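Heads up: the sequence shown runs through residues 117 to 238, numbered per the working numbering.
C-beta: ideal position from N, C-alpha, C; glycine also.
Just so we're clear, the structure is a prediction, and the values are computed from it rather than from any experiment.
Structure first, then comments.
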Amino acid sequence: MTGELYLDIDAFSGLIHTLDTAAEDMTSANKKLADADAGNLGSSGLDKAADNFRNRWKYGIEQIAESTSKMVEGLELTHKLYAEQERINAGALDTIGGALPSTPAPEPGSSPAPAPGASLDL
Numbered sequence: 117m118t119g120e121l122y123l124d125i126d127a128f129s130g131l132i133h134t135l136d137t138a139a140e141d142m143t144s145a146n147k148k149l150a151d152a153d154a155g156n157l158g159s160s161g162l163d164k165a166a167d168n169f170r171n172r173w174k175y176g177i178e179q180i181a182e183s184t185s186k187m188v189e190g191l192e193l194t195h196k197l198y199a200e201q202e203r204i205n206a207g208a209l210d211t212i213g214g215a216l217p218s219t220p221a222p223e224p225g226s227s228p229a230p231a232p233g234a235s236l237d238l
C-alpha cells in the first residue's frame, strides 16, 4: 500500500533539534535557579516564590530534561537508521534498474510488437 509509511527527514531533523534545545534550556534554567540565592531576585515575595518554585520543581525539571535528552538520542538513532535504509534501497533500485534490458517505450497509441516467432492471425 502506497503512502502508509513516510518520514519527512527535514521535519524529523527539526524535531530532534527542537527537543535537544529544550532539554538544554531546561537544564540551564534549573542551574541558574539553583545558583540564585533567595536574596538577589528582587522583593522578598518574589524571592520566596522563586525559592518555593525551585524547591518544588527542581527534581521534576531534571527528570523532564533527562527524558528529553534520552528521547533525542533515540530519535537521532532512528534518523540515522532511516537515512541508511534509504541509501541501501536507492542502491538496490539502481542495481535492479541496471539489470533490466533497455527497450524503448512504445509510442502512445501503438500496439506492442509481437514476440519473436509469434504468428499474426488476421
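Check	Outcome
Top-ranked residue by Cα proximity to S183, from S226, L135, R172 and G213	L135
Where the alpha helix (DSSP H) through L131 begins and ends	I125 to D151
Cα-Cα separation between Y175 and D210, rounded to whole angstroms	53 Å
Counted within 10 angstroms of its Cβ, other Cβ atoms place G145 as buried (16 or more) or exposed	Correcting the residue type first, residue 145 is Ala in the shown sequence and not Gly. Classification for A145: exposed.
G190 (DSSP reduced to helix, strand or coil)	helix
Expected contact under 8 Å - CB spacing of L149 and R172 to nearest Å	With a Cβ gap of about 11 Å, L149 and R172 do not count as contacting.
Whole-angstrom distance between M187 and L193, CA atom to CA atom	10 Å
Sequence-distant residues of the same chain with beta carbon closer than 6 Å to T143, five excluded per side	A181
Where G213 falls: helix, strand or coil (DSSP)	helix
Status (buried if at least 16 other CB within 10 Å, exposed otherwise) for A206	exposed
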